[in-house]
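Protein chains in written order, with numbering that gives the first Met the number 0: chain X, 0 to 110; chain Z, 0 to 110.
All C-beta atoms in this analysis are idealised placements derived from N, C-alpha and C, irrespective of residue type, glycine included.
Because the structure is a prediction, the values reported are computed rather than measured.
Notes for the one structure printed next.
There are 2 protein chains.
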Amino acid sequence: MALAPELAGRLRRNADGLVCAVAQQRGTGEVLMVAWMNDEALDLTLTTRRATYFSRSRGRLWVKGETSGHTQHVHEVRLDCDGDTVLLVVDQTGPACHTGTRTCFDDGLVG
Amino acid sequence: MALAPELAGRLRRNADGLVCAVAQQRGTGEVLMVAWMNDEALDLTLTTRRATYFSRSRGRLWVKGETSGHTQHVHEVRLDCDGDTVLLVVDQTGPACHTGTRTCFDDGLVG
Numbered sequence: 000m001a002l003a004p005e006l007a008g009r010l011r012r013n014a015d016g017l018v019c020a021v022a023q024q025r026g027t028g029e030v031l032m033v034a035w036m037n038d039e040a041l042d043l044t045l046t047t048r049r050a051t052y053f054s055r056s057r058g059r060l061w062v063k064g065e066t067s068g069h070t071q072h073v074h075e076v077r078l079d080c081d082g083d084t085v086l087l088v089v090d091q092t093g094p095a096c097h098t099g100t101r102t103c104f105d106d107g108l109v110g
Numbered sequence: 000m001a002l003a004p005e006l007a008g009r010l011r012r013n014a015d016g017l018v019c020a021v022a023q024q025r026g027t028g029e030v031l032m033v034a035w036m037n038d039e040a041l042d043l044t045l046t047t048r049r050a051t052y053f054s055r056s057r058g059r060l061w062v063k064g065e066t067s068g069h070t071q072h073v074h075e076v077r078l079d080c081d082g083d084t085v086l087l088v089v090d091q092t093g094p095a096c097h098t099g100t101r102t103c104f105d106d107g108l109v110g
């Protein structure tokens, strides 16, 4: 399985071959988290509709919720104007953050 | 002017000294754009409340709307759980995208 050539040609990957991915809750608009995708992660996300990222720390694909059960069902994927970021509109099961909060930004007010 | 040491110590910058920044419209929750910030951009954003980014292509600070007038007034800044991304809750004047669309994702539906 590979990413459609038309889409692959529009991606502007960073030096590690990744694009940025923002996950947003459908309906509420909450920004849940930001992670990274390589081509395979994006292809799997589009075909399985389960958000799949590339873990930079572990150096491997990571299906969101594969251990926690806190999966993301993907309704929409949008690529931004310069091709280096995707926006996922998802239904989040449980907390999105590994700390147990709904989003990864809940405890982070700095200004 | 410099970033408060407590905040500076929480940032996990990439190899270029940058953190990812997601701008979201207050109220509607629209994800408007994703850009990058160095410490100075974050400090200016917090102190002036005008969203200020670091342009990777131009290699300099960039006050959003400095030429277009399409500024972002910043209501909240939140740092994520691992310190490498900030979420800005803003009031966007005019279109956020240089292409003239409201957000940088409007024309990018890929799945």
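To the nearest whole angstrom, what separates the beta carbons of Ala-34/X and Ala-20/X, a pair I think is in contact under 8 Å? 5 Å
Could you list which residues in chain Z have their beta carbon closer than 7 Å to that of Gln-23/X, in chain order? Val-30
CB contact check: Leu-17/Z to chain X, cutoff 8 Å: no
Just to confirm my understanding: we take Asp-79/Z, look at its own chain, exclude 5 residues before and 5 after, and list those with CB closer than 8 Å. What are they? Val-85, Leu-86
Scan the stretch 67-80 of chain Z for residues whose Cβ lies nearer than 7 Å to a Cβ of chain X and list them as they occur along the chain. Glu-75, Val-76, Arg-77, Leu-78, Asp-79, Cys-80
When Asp-105/X, Arg-11/X, His-97/X, Gly-68/X are compared against Arg-49/X, the one with the closest alpha-carbon: Gly-68/X
Which residues share a DSSP beta bridge with Phe-53/Z? Leu-60/Z
Does the stretch 53-60 of chain Z come within contact of the stretch 39-47 of chain X, defined as at least 3 CB pairs closer than 8 Å? no
Using 8 Å as the limit for Cβ to Cβ distance, is Phe-53/X near chain Z? no
How should Glu-5/Z be labelled, buried or exposed, when 16 other C-beta atoms within 10 angstroms of its C-beta is the threshold for buried? exposed
Through-space distance from Ala-1/X to Arg-77/X, alpha-carbon basis: 18 Å
In whole angstroms, what separates the C-alpha of Asp-81/X from that of Asp-81/Z? 26 Å
Short Cβ contact (8 Å threshold) for Thr-27/Z with Gly-28/X: yes
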